[in-house]
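Enquirer:
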Amino acid sequence: MIRRLRQVLLAALLGFVISPFAQATYDLRLVVQADWLEDPATREAVSLVLHLLPEGGRVGLWRYGARAESLLPPGTVDADWRDRALASLQGEPGEGGAQLPAALDAALAAAPADPAWPRALLLMGDGRVEVADSPMVNAAGARDLDARFADSESLSWPIYTAVAGRGPGADLLASLARNSGGQALPAQASPADTWWRVLSAALPMTRLPLREGRVQVPGETRTLTWLIASAKPALSIRPAQALVGDGEGAREGAANASTAGPGETRVRFAAHRLRRWESPSPGEWRVDGEDLEQVAVFASLPLSPARRELPTRVLAGEALEGSFGLLQEGVAGGLPEEGRWRVRLEGPADYVAVASPEPLSGRLPLLFSPLQQPGWYRLQITLERGPERLSWVYRLQVEPAATGSSISTRPPDLPQANLRTATLSLLVFLLGAGILISWILRRRRRHKLRLWEQRRGRST
Numbered sequence: 002m003i004r005r006l007r008q009v010l011l012a013a014l015l016g017f018v019i020s021p022f023a024q025a026t027y028d029l030r031l032v033v034q035a036d037w038l039e040d041p042a043t044r045e046a047v048s049l050v051l052h053l054l055p056e057g058g059r060v061g062l063w064r065y066g067a068r069a070e071s072l073l074p075p076g077t078v079d080a081d082w083r084d085r086a087l088a089s090l091q092g093e094p095g096e097g098g099a100q101l102p103a104a105l106d107a108a109l110a111a112a113p114a115d116p117a118w119p120r121a122l123l124l125m126g127d128g129r130v131e132v133a134d135s136p137m138v139n140a141a142g143a144r145d146l147d148a149r150f151a152d153s154e155s156l157s158w159p160i161y162t163a164v165a166g167r168g169p170g171a172d173l174l175a176s177l178a179r180n181s182g183g184q185a186l187p188a189q190a191s192p193a194d195t196w197w198r199v200l201s202a203a204l205p206m207t208r209l210p211l212r213e214g215r216v217q218v219p220g221e222t223r224t225l226t227w228l229i230a231s232a233k234p235a236l237s238i239r240p241a242q243a244l245v246g247d248g249e250g251a252r253e254g255a256a257n258a259s260t261a262g263p264g265e266t267r268v269r270f271a272a273h274r275l276r277r278w279e280s281p282s283p284g285e286w287r288v289d290g291e292d293l294e295q296v297a298v299f300a301s302l303p304l305s306p307a308r309r310e311l312p313t314r315v316l317a318g319e320a321l322e323g324s325f326g327l328l329q330e331g332v333a334g335g336l337p338e339e340g341r342w343r344v345r346l347e348g349p350a351d352y353v354a355v356a357s358p359e360p361l362s363g364r365l366p367l368l369f370s371p372l373q374q375p376g377w378y379r380l381q382i383t384l385e386r387g388p389e390r391l392s393w394v395y396r397l398q399v400e401p402a403a404t405g406s407s408i409s410t411r412p413p414d415l416p417q418a419n420l421r422t423a424t425l426s427l428l429v430f431l432l433g434a435g436i437l438i439s440w441i442l443r444r445r446r447r448h449k450l451r452l453w454e455q456r457r458g459r460s461t
């Protein structure tokens, strides 16, 4: 049961962390605890996501235990990088310890690929900090690490992690994620619900709705990925009129890839299977078999959002204003002419706002009334084109309004209370210093007068 929980949490977390990466270029740092890689279920979860990462991004892999070490320096994701990353997971077992602070320092020390790229750090561990044999030293190390990421500068690298149960380690993981602008994924009652809920909002691809075994594939789709959380082979996928069977190939328990047809790649794990088509046929696809609730379909599209026009922070009491645009092959272009746009903003205290804006000059204007409640908000922009549905999700932080901006009720001719106190203290100090100096000068004059009288008496 514990092993299954760890597998589900890791797999869900690995998918969830990639949620900011809605475009092909991204920067991701993976940091994993050494003893987690000793569990085959954990390695499978990591391997699955390494296969799901889109090519073209920059990803690095670190491991920490008694020491922090780089398994794979940041590099561009391609077939060769993926092979080297998978091979690095088969390293020597850990030696105990949990040098989490050193691992985060090492991962964040590498320069980002491009300041404009979305970035995130994925932390896979239980939150323990063991830098010494002393519990007091370890507790102090955890507090210092938490304090470092409480600084707003850490928001440039949001941390995503998993929280299972409660305790000092879980509290630290939740705090690191919250303070850095990332998210801590809690354990869910249903492993399947956790897996699909996270993947639907996590992958750097658009999830396509699968209804009664049918899915509509957009014409712009470059890559079509079917993720099956089942090892049963009785499954067939039909693109257009051509029937594609699952067939035999990789043995159960291995992660061997084999090409099953033109443009198709298959990877089989112990409990999951992945099938991917390059340049798939547009239109309706069908899947026949059992346990279709264990199937998710994702499309990789050439459309990517122009992110800089959307604010990432506003002050409480300010309106959310910006615009949304799309890039075609990385170049700015107009929005699709067909379809209906929907925008949904969710936030603290059950805040929900929806809008259906119309494109203006090739962009989608966004305007929401002032947001009063500080916290993290979720902005979802959706394009509906008949049966097709494409979505982009963003996170927005509403910070408390600065206290200095509040209106003072004091008369303008009176100084502030803290200024009056400082002024009175200065006056008292100067008065005391003046009295002391005057007393010293009088004593010196009296001393000189006595010396003069003594000398005069001797001379007479």
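At the far end of the sequence shown sits residue 461, using my numbering, and the numbering has no gaps. For each residue, glycine too, the CB sits at the ideal point set by N, CA and C.
Kindly indicate which three-state DSSP category A141 falls into: helix, strand or coil?
Expert: helix
Enquirer: Which value, in whole angstroms, describes the spacing of the CA atoms of R379 and Q398?
Expert: 9 Å
Enquirer: Alpha carbon to alpha carbon, how far is R149 from R287?
Expert: 51 Å
Enquirer: What's the C-alpha gap between G323 and S89?
Expert: Between G323 and S89, the C-alpha separation is close to 43 Å.
Enquirer: Should I229 be labelled buried (16 or more other beta-carbon atoms within 10 Å of its own) or exposed?
Expert: Here I229 is buried, its C-beta having at least 16 other C-beta atoms within 10 Å.
Enquirer: Which term fits A143, buried or exposed, when burial requires 16 or more other beta carbons within 10 angstroms of its beta carbon?
Expert: buried
Enquirer: Can you check whether the CB of V47 is closer than 9 Å to the CB of W82?
Expert: no
Enquirer: Can you list, in chain order, the residues of its chain with a C-beta nearer than 6 Å to that of V344? Leave out the 5 residues immediately preceding and following it.
Expert: A356, I382
Enquirer: Which class does T410 belong to by DSSP, given the choice of helix, strand or coil?
Expert: Caution is warranted here: a pLDDT of 34 is assigned to T410, below 50, making its placement in the model unreliable, and no coordinate value can be reported.
Enquirer: Would you list the residues sitting across from Y378 in a DSSP beta bridge?
Expert: L397
Enquirer: Which whole-angstrom value describes the C-beta separation of P219 and P283, a residue pair presumed to lie in contact below a C-beta threshold of 8 Å?
Expert: Contact between P219 and P283 holds, with the beta-carbon distance rounding to 7 Å and staying under 8 Å.
Enquirer: Helix, strand or coil for A190, going by three-state DSSP, please let me know.
Expert: Legend: pLDDT at A190 = 39, less than 50; position of this residue unreliable, value from coordinates given subsequently. DSSP places A190 in coil when its eight states are reduced to three.
Enquirer: At the level of alpha carbons, what is the spacing between R267 and A300?
Expert: 16 Å
Enquirer: Assess, as a yes-or-no matter, whether the segment 269-285 is touched by the segment 167-184 under the definition of 3 or more beta carbon pairs within less than 8 Å.
Expert: no
Enquirer: Nearest to P349 by alpha carbon, out of P358, G340, L368, L372?
Expert: Selection P358, G340, L368, L372 evaluated against P349 yields L372 as nearest (Cα-Cα).
Enquirer: What residue does the beta strand (DSSP E) around A297 start on, and which one ends it?
Expert: 296-301
Enquirer: Between S370, R443, L53, which has its C-alpha nearest A320's C-alpha?
Expert: S370
Enquirer: How would you label T162, buried or exposed, when you count the other beta carbons within 10 angstroms and need 16 or more for buried?
Expert: buried
Enquirer: Which two residues bound the contiguous beta strand (DSSP E) that contains D40?
Expert: No beta strand (DSSP E) holds D40; DSSP gives it neither H nor E.
Enquirer: By DSSP, does G250 sit in helix, in strand, or in coil?
Expert: Because G250 sits at a pLDDT of 37, beneath the cut-off of 50, its placement in the model cannot be relied upon, and the following sentence gives the value as read from the coordinates. Secondary structure of G250 (DSSP, three-state): coil.
Enquirer: Quick one: what does DSSP say P75 is sitting in, helix, strand or coil?
Expert: DSSP places P75 in strand when its eight states are reduced to three.
Enquirer: In terms of residues, what are the limits of the beta strand (DSSP E) holding R287?
Expert: 284-290
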